[in-house]
Amino acid sequence: MSLESPQSRCGYVAIVGRPNVGKSTLMNHLLGQKISITSRKPQTTRHSILGILTEQGTQALFVDTPGIHKPVNKAINQYMNRSALTALKDVDLVLFVVERLQWTEEDELVLQHLERINTPVALVINKVDQLDDKSRVLPHIEQLSERRTFAQIFPLSALRGKNVEALEKWLLETLPEGEHLFPDDQVTDRSERFLAAEVVREKLMRNLGEELPYAATVEIESFKFEDNVLHIHALILVERDGQKKIVIGHQGEKLKRIGTDARKDLEYMLDAKIMLNLWVKVKAGWSDDERALQSLGYRD
Ligand code: GDP
Ligand code: MG
25 MSLESPQSRC GYVAIVGRPN VGKSTLMNHL LGQKISITSR KPQTTRHSIL GILTEQGTQA
85 LFVDTPGIHK PVNKAINQYM NRSALTALKD VDLVLFVVER LQWTEEDELV LQHLERINTP
145 VALVINKVDQ LDDKSRVLPH IEQLSERRTF AQIFPLSALR GKNVEALEKW LLETLPEGEH
205 LFPDDQVTDR SERFLAAEVV REKLMRNLGE ELPYAATVEI ESFKFEDNVL HIHALILVER
265 DGQKKIVIGH QGEKLKRIGT DARKDLEYML DAKIMLNLWV KVKAGWSDDE RALQSLGYRD
């Protein structure tokens, strides 16, 4: 390599923060397309999603953590805590996302978790577009800086793309030197099958909102091309019979709606004609049973 040529850089970036602060939106904006699923409803990202950004000789590998929550009894939430912490230990940089001037108990908990790691942490103050009085940001920053030495602090709006370039520039310059681990045009290591499950789950959340609090999961049973059409069979697993009725809706209208919305998104994302079949099945007590979780693919 000659002296003039820029160094090849590559590293892992964890995006942490409590639910709903805008972690998925930020990663999507950095990657320039929709991969992780965003929703108004917190906690829709159950898998840590790897998004890949290759720019100016640097490859940033994003781990979008499901969030670090208050300890609760359900196995599913314990899984999310563990997986978020595991993600933190093995990365080169951490982006700690908070929103506006808010500082909650959950933000505090995330900060405490960060005390256990030596990785450089940049503080991202998101949703500044929603602030009327921007002059209050600086005192807020000063207060937070007393709690931890942050490598950088970026007030920005992930949704509007305001000041995201400053963060991107810093990432690209700061990640360690190294060979790229993925081809430069690859944006995710997740399969199309996985994306299909995520899109169905997003539509489920969006169409049902508060009626279905985190009780459902989606499994892709089959995924194959036939006569130029992609046939996808997806299974929606819920905890109780009552939830099954809610998902299906009056004369099946909710399920139909979820299916249509998901199919349209997938046809666009995968650039293919799609036949999507959805089934709803009751899998009693799954979120309380560690072993059932593993068989569904939730692992550390
Ligand atoms: P996550 O749970 O941290 O991954 O949060 P999401 O990325 O799913 O975002 C949660 C909600 O906040 C969504 O409705 C986003 O559209 C919204 N949001 C994210 N970033 C911004 C921002 O910069 N400004 C505003 N006004 N809303 C945002
Ligand atoms: Mg998210």
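For any residue, its number in the numbering used here is found by taking its place in the sequence shown, counting from 1, and adding 24.
For every residue, glycine included, the Cβ atom is placed at its ideal position computed from N, Cα and C.
- Shown here, Val-45 sits in coil according to DSSP, grouped into three states, outside any helix or strand.
- Between the region 194 to 202 and the region 216 to 224, the count of Cβ pairs shorter than 8 Å is below three; the stretches do not touch.
- Between Arg-287 and Leu-300, the C-beta gap is smaller than 9 Å, which places the two residues in contact.
- Going by DSSP, Gly-276 is part of no alpha helix (DSSP H) at all; its letter is neither H nor E.
- Taking a cut-off of 8 Å on C-beta distances, the region 161 to 176 does not touch the region 244 to 264, as fewer than three cross pairs fall below it.
- With a cutoff of 8 Å, Ala-220 does not count as near the ligand GDP, since its C-beta is closer than that to no heavy atom of the ligand.
- Judged by the Cβ position, Leu-138 fails to qualify as a neighbour of the ligand GDP at the 8 Å threshold, every heavy atom of the ligand being at least this far.
- Selection Asp-289, Leu-228, Phe-247 evaluated against Leu-261 yields Leu-228 as nearest (Cα-Cα).
- Relative to the ligand GDP, even the nearest heavy atom lies 8 Å or more away from the CB of Gln-80.
- Counting every other CB atom within 10 Å of its CB across the protein chains shown gives Gln-83 a total of 16 or more, marking it as buried.
- By the C-beta density criterion, Asn-142 is exposed, having fewer than 16 other C-beta atoms within 10 angstroms.
- Under a 10 Å Cβ-count criterion, Gln-267 is classified as buried, with 16 or more other Cβ atoms of the shown protein chains found around its own Cβ.
- At a Cβ-Cβ threshold of 9 Å, Lys-307 and Glu-250 do not count as neighbours.
- Rounded to whole angstroms, Leu-147 and Arg-140 show a C-alpha spacing of 16 Å.
- Between Ala-190 and Ser-181, the alpha-carbon positions lie close to 12 Å from each other.
- Linking Leu-138 to Gly-233 through their CA atoms gives a straight-line distance of about 31 Å.
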